[in-house]
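Visitor:
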Ligand SMILES: [Zn+2]
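In structure tokens:
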């Protein structure tokens, strides 16, 4: 059923809609990479970041799909990029500039390690509370909890470890796009204005310096943004700024506020199609920078469908991680 609904909606979108989808991923294994490419490849033309402004304005034979990967995890370089090269699919990797080559895990991976050890989160470690905090306070709170509970994220895990600058430069030289995703992974509207502006400027400048080329894109950590911060990123030299507003991308969006649809490795083809079809229909899903209510709505819809449907069963059995966003 989900496959059928998604397929019909996407077939209509292919004929009648301009624009396309900008996909937001974090980490995928080889099989997941192939599966996501296979599902999107049936309906969309994969494009390079540089083609995006033109494809937003002018219709191609099919809608476009731009793949983006946030956070700069090492597995993006060792697993995802080689698989995409085999498939001839371009992508953008948005990296956290100060974390590249760094031996400190990103805060949300330390948080995941804490949650794995603690069956319930202490009140001051609730994710929705942490995401309201200025970055210094958030990091200090996580640090204190890691020390107290003897927990640390596993840097031997390539989904936790960050790329090196050599890996970033290699991706760039092989034709992938490198974008900035903050100097730290601070949720920028929680910072003072001056700190947020500096963070954006330093993150873009560092990418430009390391790849010795312009940095064309900026993606807001956790998706939280303001128009002022987004336009500052443009003034700092990028051409395109990405949010996590989960909807179809077309010329109605300015280049400083481009929407992205978020997917996870465990998403089934049926779920990928359904979510994309909802976006293509013009409905806006809830932004994952907040409660993620509508994402849970998509899962509920999937479960309500015929329980005999193997895709509904597959979607309903997704691990909790894919239903409540931690990656940001
Ligand atoms: Zn992120």
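Residue numbers (this note's numbering): 1 to 328.
Positions of the beta carbon are idealized from the N, C-alpha and C atoms, including for glycine.
Taking just the CA atoms, how far does residue 261 sit from residue 40?
Guide: In this structure, the CA atom of residue 40 is about 12 Å from the CA atom of residue 261.
Visitor: Compute every distance between the C-beta of residue 186 and the non-hydrogen atoms of ligand 1, then say whether any falls below 7 Å.
Guide: no
Visitor: If you compare alpha carbons, which of 258, 149, 84 is closest to residue 31?
Guide: Comparing Cα positions, the closest option is 84.
Visitor: So what does DSSP say about residue 302, is it helix, strand or coil?
Guide: The predicted position of residue 302 is uncertain, since its pLDDT is 41 and thus under 50; a value taken from the coordinates is nonetheless stated next. Correct three-state label for residue 302: helix.
Visitor: Taking only the alpha-carbon atoms, compute the straight-line gap between residue 244 and residue 21 and give it to the nearest angstrom.
Guide: 12 Å
Visitor: Just checking my contact of residue 226 with residue 189 at CB under 8 Å: how many whole Å lie between their CB atoms?
Guide: 6 Å
Visitor: Check whether the Cβ atoms of residue 65 and residue 92 lie closer than 8 Å to each other.
Guide: no
Visitor: What residue from 27, 215, 35 has the CA that sits closest to residue 269's CA?
Guide: 35
Visitor: Whether or not the segment 133-147 and the segment 59-75 are in contact is what I'm after, with contact meaning three or more pairs of Cβ atoms, one per stretch, closer than 8 Å; do they touch?
Guide: no
Visitor: Does the distance from the C-beta atom of residue 388 to that of residue 233 stay below 8 Å?
Guide: Limits of the chain in this structure are 1 at one end and 328 at the other, which puts residue 388 out of reach.
Visitor: Are residue 213 and residue 48 close, meaning C-beta to C-beta below 8 Å?
Guide: no
Visitor: Ends of the alpha helix (DSSP H) at residue 276?
Guide: Unbroken alpha helix (DSSP H) run through residue 276: 269-280.
Visitor: Spatial neighbours of residue 196 within its chain, please: CB distance less than 6 Å, with the 5 preceding and 5 following residues excluded, ordered by chain position.
Guide: 188, 229
Visitor: Could you tell me whether any non-hydrogen atom of ligand 1 is closer than 7 Å to the CB of residue 221?
Guide: In this structure, ligand 1 has a non-hydrogen atom nearer than 7 Å to the beta-carbon of residue 221.
Visitor: Taking only beta-carbon positions, decide if residue 33 is within less than 8 Å of chain B.
Guide: This model lacks chain B altogether, as it is built from one protein chain only.
Visitor: Is it true that the CB of residue 181 sits closer than 8 Å to the CB of residue 95?
Guide: yes
Visitor: For residue 71, name the three-state secondary structure that DSSP assigns.
Guide: Secondary structure at residue 71: strand, using DSSP grouped into helix, strand and coil.
Visitor: In terms of residues, what are the limits of the alpha helix (DSSP H) holding residue 139?
Guide: 135-149
Visitor: What would DSSP say about residue 188, mapped onto helix, strand or coil?
Guide: helix
Visitor: Where does residue 26 land, buried or exposed, given buried means 16+ other C-beta within 10 angstroms?
Guide: The residue in question, residue 26, is buried, as its Cβ has 16 or more Cβ neighbours within 10 Å.
Visitor: Could you tell me the boundaries of the alpha helix (DSSP H) in which residue 198 lies?
Guide: Element bounds for residue 198: 193-211.
Visitor: Could you tell me the boundaries of the alpha helix (DSSP H) in which residue 108 lies?
Guide: 107-117
Visitor: Report buried or exposed for residue 206, applying the criterion of at least 16 other Cβ atoms within 10 angstroms of its Cβ.
Guide: buried
Visitor: For the putative contact between residue 101 and residue 63, defined by C-beta atoms under 8 Å, what is the C-beta separation to the nearest angstrom?
Guide: So it is not a contact: roughly 37 Å between Cβ atoms.
Visitor: Return the Cβ separation of residue 220 and residue 199 in integer angstroms, given the expectation that the two are a contact with Cβ distance under 8 Å.
Guide: Actually they do not touch by this definition, with Cβ atoms about 11 Å apart.
Visitor: Please specify which runs of the beta strand (DSSP E), each continuous and at least 3 residues long, are wholly inside the segment 11-54, giving them in chain order.
Guide: 20-25
Visitor: Sorted by chain position, which residues of the same chain lie with C-beta nearer than 7 Å to residue 249's C-beta, five sequence neighbours on each side aside?
Guide: 19, 20, 21, 22, 56, 258, 259
Visitor: Which of the three DSSP states, helix, strand or coil, is assigned to residue 223?
Guide: Three-state DSSP puts residue 223 in a helix.
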